[in-house]
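Below is one structure, written out as structure tokens; comments come after it.
Residue numbers (my numbering): 137 to 287.
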């Protein structure tokens, strides 16, 4: 695969899920400012339905949401899209980094609220695959947009 096959920043798709709409909007703006395509949901159940239809390269997920807590959504994700499950960035204003890491089996991708744009963008960039999934899986699936074939 040559350098031109790796795609551009705009080929990466990021999903952001946070029940606080103002925080959700700010995170989406920050990530779009980095050149990524962003879908943002304040309703975790709607986000799960979108994950079933769309290949995302990374997920930014709030830990504390009333309808479906972030850890529960993340555990469901393990069975829906295992790669996205490994490319999750957690955000929270309620946990210290050490406590969160222990509860998440040592995952290093955590951004405490409030956060700076550079911190969020930097951690999300580390979570991204080398090649956007739409490009790498599109070639395998024979679909240019990389959408999965579901029966």
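Glycine included, C-beta positions come from ideal geometry on N, C-alpha and C.
In whole angstroms, what separates the C-alpha of residue i from that of residue j?
i           : j           : result
residue 145 : residue 206 : 26 angstroms
residue 228 : residue 162 : 14 angstroms
residue 276 : residue 270 : The pLDDT assigned to residue 276 is 48, lower than 50, so where the model puts this residue is not dependable; a value taken from the coordinates is nonetheless given after this. Looking at the two C-alpha atoms, the distance is approximately 10 angstroms.
residue 259 : residue 170 : 12 angstroms
residue 201 : residue 182 : 13 angstroms
residue 197 : residue 188 : 16 angstroms
residue 190 : residue 218 : 13 angstroms
residue 264 : residue 193 : 6 angstroms
residue 266 : residue 165 : 23 angstroms
residue 261 : residue 250 : 19 angstroms
residue 168 : residue 195 : 14 angstroms
residue 172 : residue 254 : 14 angstroms
residue 204 : residue 252 : 26 angstroms
residue 155 : residue 184 : 14 angstroms
residue 199 : residue 223 : 15 angstroms
Which partner residues does residue i have in the DSSP bridge list?
i           : result
residue 150 : 174 and 194
residue 228 : 248
Quick one: is residue i buried, meaning 16 or more other Cβ sit within 10 Å of its Cβ, or exposed?
i           : result
residue 216 : exposed
residue 157 : exposed
residue 245 : buried
residue 230 : exposed
residue 88  : In the structure as shown, the chain starts at 137 and stops at 287, and residue 88 therefore has no counterpart that could be examined.
residue 220 : buried
residue 186 : exposed
residue 209 : buried
residue 285 : Here residue 285 scores only 47 on pLDDT, less than 50, and its place in the model is too uncertain to base an answer on.
Assuming residue i and residue j make a contact with CB atoms under 8 angstroms, what is their CB distance in whole Å?
i           : j           : result
residue 247 : residue 225 : 6 angstroms
residue 268 : residue 148 : 5 angstroms
residue 180 : residue 159 : Not quite, the Cβ-Cβ distance comes to about 14 angstroms (not below 8 angstroms), so this is no contact.
residue 213 : residue 175 : At roughly 15 angstroms, the Cβ-Cβ gap does not stay under 8 angstroms, so residue 213 and residue 175 are not in contact.
Exercise for review: Return the chain-ordered ranges of every beta strand (DSSP E) run that is complete within the segment 198 to 228 and spans a minimum of 3 residues.
Suggested key: 224 to 228
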